[in-house]
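**Q** So that we are looking at the same thing, I have put the structure below in structure tokens.
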Amino acid sequence: MSLLVLSAADVSSLTAAVSAEALCTMLGKTMAAISNPAVDALAIQNPQRVATESELHKTLYMPSRLTTSEGPATAVKVVAVPKPTCKIPGLPATTLLFDEATGLTRACVNAAELTGIRTAAASALASKLLADPSSASLVVFGSGTQAYYHARLLLQLFPSLSSAILVVRAQSSRADILVERLRSEFNSTKIKVVTSEQADEAVRGADIICTCVPSTEPVFSLESLKAGVHINAIGSYTPTMLEFPPTLIAASPASPSAPHIPTLLVDSASACLAEAGELISARVTRSQLVEVGALLDPATGALRAEEATRESLRGLRRGGRSLFKCVGVGGMDVAITKLVVEEAERRGLGTRVPF
């Protein structure tokens, strides 16, 4: 058997051809399978990730097995998270996808961009469910891969979006390159970049906000949000991180009558309760969380037709504002890797290595 190797260039070529709608369908089936696992104990497996430390990186090892309506897949993702002492930009990542019949390694994939794509697809899916279909203004915090894919997929999914603002910590060539890349792809959309000092001004008119930064303090104030805004918060993934004010999702003791979002949409309730700093600070309980997969049909990835699903959506929109919190689960990595590998095999892309 030969091993398929997909480089960063291969992955970019493959994902460029996949539409936002197709990615939402793929993630919908994935999240539905995770939230509604089959009786078979082998169907869904997400062991706790392990880590090793070096002087410059914390390397995470994340194995997972996913079974959807399209069959099973097993993979392990390895991500080298840079420490502050590391001056090389980027988030190196590799995913190994295994052959279900033989157990041999089927593909080795450069996954540096795949995390951004699969997370943005989850946010796009949540936005389809909760955001105003006529949304006109998008604000994205960040200038990296996550920010790019969030902007790209949401601009594809919501043709009504006429403006997009990128909020960055400081002006940089990286931010300039990102803006020019988006302008070249969406030349009818007004796209600009502002610094964090202008964050509150930027979000005041936003219909959809995506926070894609590993911040330890809120990136906008509660007072700056409009009544009907939808927020995708994906940048914080540890108990010490915060991207939005905890009072956005829990009543403030100082102002118990102030409006807040009582029910949240999440990728995984258990993961968010353990890892999301905002939810931990706000003392959010399991009863306040709805998993996106619980709303979806495992066979199609589409919204379930039951009245209970419609009632859940009404609860998530109660008060006008809505929020999706995502910390990422291993099944999402398996799904996007499987999609890319199958497309590469269909198109004859990548490099075959005897193995």
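Going left to right, the sequence shown walks through residues -20 to -1, 1 to 335 as mature numbering (1 follows the signal peptide of the UniProt record, and there is no 0) numbers them.
Built from N, CA and C at the ideal position, the CB exists for glycine as well.
1. Look at the Cβ atom of residue 37, then the Cβ atom of residue 67, and state whether they are nearer than 8 Å.
2. Using DSSP bridges, identify the partner residues of residue 189.
3. Please report the distance separating the alpha-carbon of residue 188 from that of residue 333.
4. Looking at C-alpha atoms only, which residue of 33, 73, -7 is the closest neighbour of residue 327?
5. Less than 7 Å between C-beta atoms, sequence neighbours within five positions excluded: which residues of the same chain meet that for residue 150?
6. Within its chain, find whatever has a CB closer than 7 Å to the CB of residue 289; leave out the 5 residues flanking it on each side and keep chain order.
7. Since residue 198 and residue 242 are thought to touch, with beta carbons under 8 Å apart, how far apart are those beta carbons, to the nearest angstrom?
8. Between residue 32 and the rest of its own chain, which residues show a CB-CB distance below 7 Å, the 5 nearest in sequence each way excluded?
9. For the alpha helix (DSSP H) holding residue 60, just list the boundary residues, first then last.
10. Among the residues of its own chain, which have a CB less than 7 Å from the CB of residue 179, if the five just before and after it don't count?
11. Could you check whether residue 4 and residue 104 sit closer than 8 Å to each other, using their CB atoms as the reference points?
12. So with Cβ pairs under 8 Å, would you call residue 87 a contact of chain D?
13. Suppose the cutoff is 7 Å on Cβ atoms and the five residues either side in sequence are ignored; what does the same chain contact list for residue 216 look like?
14. Taking just the CA atoms, how far does residue 143 sit from residue 22?
15. Use the C-beta contact count for residue 267: other C-beta atoms within 10 angstroms, 16 or more gives buried, fewer gives exposed.
16. Can you give me the C-alpha to C-alpha distance between residue 293 and residue 158, rounded to a whole angstrom?
17. Buried or exposed: where does residue -15 fall if 16 or more other Cβ atoms within 10 Å of its Cβ makes it buried?
18. From the DSSP output, which residues share a beta bridge with residue 33?
19. Where in the region 241 to 286 do unbroken runs of the beta strand (DSSP E), each at least 3 residues long, occur, reported from the N-terminal end onward?
20. So for residue 178, helix, strand or coil by DSSP?
21. DSSP state of residue 164, grouped into three classes?
22. Who does residue 302 pair with in a DSSP beta bridge?
23. Opposite residue -17 in the DSSP bridges: which residues?
24. I need the straight-line Cα distance from residue 191 to residue 45, nearest angstrom please.
25. Assess contact between the region 110 to 123 and the region 1 to 16, defined as three or more Cβ pairs (one per stretch) separated by less than 8 Å. Is contact present?
26. On the DSSP bridge assignment, give the partners of residue 43 in chain order.
**A** Reading off the structure:
1. Counting from 1 along the sequence shown, the entry for residue 37 is found at position 57. Counting from 1 along the sequence shown, the entry for residue 67 is found at position 87. No; because the gap between Cβ atoms is not below 8 Å, this pair is not in contact.
2. Here residue 189 corresponds to residue number 209 of the sequence shown, with the count starting at 1. Looking at the DSSP assignment, residue 189 forms a beta bridge with 119, 211.
3. In the sequence shown, residue 188 corresponds to position 208, counting from 1. In the sequence shown, residue 333 corresponds to position 353, counting from 1. Roughly 44 Å between the two C-alpha positions.
4. Position 347 of the sequence shown, counted from the start, is the residue given in the question as residue 327. Nearest option by C-alpha distance: -7.
5. Position 170 of the sequence shown, counted from the start, is the residue given in the question as residue 150. The residues are 175.
6. Taking the sequence shown and counting its residues from 1, one reaches residue 289 at position 309. For residue 289, where only same-chain residues beyond five positions count, the Cβ hits under 7 Å are 275, 283.
7. Taking the sequence shown and counting its residues from 1, one reaches residue 198 at position 218. Taking the sequence shown and counting its residues from 1, one reaches residue 242 at position 262. About 19 Å separates the two Cβ atoms, so there is no contact after all.
8. Here residue 32 is taken as the residue at index 52 of the sequence shown, counted from 1. Hits under 7 Å: 39.
9. Numbered from its first residue, the sequence shown carries residue 60 at position 80. Here residue 60 belongs to no alpha helix (DSSP H); instead the beta strand (DSSP E) covers 51 to 62.
10. In the sequence shown, the residue the question calls residue 179 occupies position 199. So the list reads 147, 199, 200, once near-sequence residues are dropped.
11. What you label residue 104 is simply residue 124 of the sequence shown in a count that begins at 1. What you label residue 4 is simply residue 24 of the sequence shown in a count that begins at 1. For residue 104 and residue 4, yes; Cβs fall inside 8 Å.
12. Given the protein chain composition of this structure (a single chain), no chain D is represented.
13. Position 236 of the sequence shown, counted from the start, is the residue given in the question as residue 216. Cβ neighbours of residue 216 beyond the five flanking positions: 194, 195, 222, 223, 256, 257, 258.
14. Working through the sequence shown from its first residue, we reach residue 22 at position 42. Working through the sequence shown from its first residue, we reach residue 143 at position 163. Approximately 45 Å between the Cα atoms of the pair.
15. Here the question's residue 267 lines up with position 287 in the sequence shown. Its Cβ having fewer than 16 others within 10 Å, residue 267 is exposed.
16. Here the question's residue 293 lines up with position 313 in the sequence shown. Here the question's residue 158 lines up with position 178 in the sequence shown. Going from the Cα of residue 293 to the Cα of residue 158 covers about 34 Å.
17. Mapped onto the sequence shown, residue -15 falls at position 6. With 16 or more Cβ atoms within 10 Å of its Cβ, residue -15 is classed as buried.
18. Numbered from 1 along the sequence shown, position 53 holds the residue referred to as residue 33. Residue 33 pairs with 38.
19. 244 to 246, 269 to 271
20. Your numbering for residue 178 matches position 198 in the sequence shown. Helix, per DSSP.
21. Taking the sequence shown and counting its residues from 1, one reaches residue 164 at position 184. Helix at residue 164.
22. For the purposes of this step, residue 302 is taken as the residue at position 322 of the sequence shown. DSSP, once it has assigned bridges, lists 210 as partnering residue 302.
23. Residue -17 sits at position 4 when you count from the first residue of the sequence shown. In the DSSP output, where bridge partners are listed per residue, residue -17 has 87, 332.
24. One-based indexing of the sequence shown puts residue 191 at position 211. One-based indexing of the sequence shown puts residue 45 at position 65. Straight-line Cα distance between these residues: approximately 28 Å.
25. no
26. One-based indexing of the sequence shown puts residue 43 at position 63. BP columns for residue 43 point to 56.
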